[in-house]
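Oh and the sequence shown: position 127 is 669 in this note's numbering, straight run, nothing missing. All remarks here apply to the structure that follows.
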Amino acid sequence: MSDAAPTATPRRGRPGHDQETVLRRAVDLFNQQGYDATSMGDLARELGFSKSAIYHHVPSKGHLLSEALDEALGALTEVIEEASRVERGTAYERLRGAVRRSVTVLVEHQPAVTLLLRVRGNSDIELEALRRRRDIDARLAALVQSAVDEGSLRSDVPPALVSRLLFGMVNSLVEWHRPDGPADADALSQAITTLAFDGLATGSPRTS
């Protein structure tokens, strides 16, 4: 039986179970059980609803996945778009700022980013999310190339590889960072940018 209710449209949730609450619980459940292994019935039980009542809040499981992935991708895209504006400082400064702010995005949207990183392309929604991730990677790589061209970064490592390594370092936070842990977003972003860029810079360590 399909998890979608074709004729249902999202309506305001009951007290204590608004749209945002349903989405947060869904993302947590998807991360715990896996998206494919989670049914709308599972989510209904998590929220204390009957299976039919869940469709008064969302039309389908895919809708929830799309909303969660858009949350993560939208925030990351905004960071890259800001960094790509050539009038805002040197390419090095914009690249370093983009990595720093992407750490903040991950910390602020960690459940949604965690879900994004587990996407494997098993549906049109997931394929579109992967396409958007590739676009973000390509735009960061272009920024790396600009920093190389201006002489701020070493040129012996391919920009596409640098981009993957930088995002790999940031994304690894989902495996061990805890919101109630000792390191906040500022400390994490400072540590990651220092480790990454003081190793990549051609001259003396630089800060921003």
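Beta carbons are placed, not taken as given, at the ideal position from N, Cα and C, and that holds for glycine.
- Of all alpha-carbon atoms in S697, V621, A579, the one lying nearest the alpha-carbon of F709 is that of V621.
- Going by beta carbons, V712 and V645 fall inside the 7 Å limit.
- At least 7 Å separates the beta-carbon of V569 from that of L637.
- The C-alpha of G576 is placed about 11 Å away from the C-alpha of L607.
- Scanning L648, Q687, E588 for the CA closest to the CA of L615 turns up L648.
- Straight-line spacing of the CA atoms in R630 and R642 works out to 16 Å.
- When rounded, the separation of the alpha-carbon atoms in E562 and A617 is 17 Å.
- Of the residues E613, I596, P653, the one whose Cα lies closest to the Cα of P721 is P653.
- Taking the CA atoms as reference points, S626 sits about 18 Å from T735.
- With fewer than 16 other Cβ atoms inside 10 Å of its own Cβ, V699 counts as exposed.
- If you draw a 10 Å sphere on the C-beta of V628, you find fewer than 16 other C-beta atoms in it, and that means exposed.
- Going by DSSP, P701 is part of the alpha helix (DSSP H) stretching over 701–713.
- Put simply, of S688, K603, F572 the residue whose alpha carbon is nearest the alpha carbon of L659 is F572.
- Going by C-alpha positions, A671 is about 7 Å away from L611.
- Counting the other CB atoms within 10 Å of its CB gives L703 a total below 16, which places it among the exposed residues.
- Taken atom to atom, the span from the alpha-carbon of F591 to that of E613 is near 25 Å.
- Sorting F739, D560, K603 by C-alpha distance to the C-alpha of V690 places F739 at the top.
- An exposed status is given to S714, since fewer than 16 other beta-carbon atoms sit within 10 Å of its beta-carbon.
- Shown here, D584 sits in a helix according to DSSP, grouped into three states.
- In this chain, the alpha helix (DSSP H) harbouring A568 covers 561–575.
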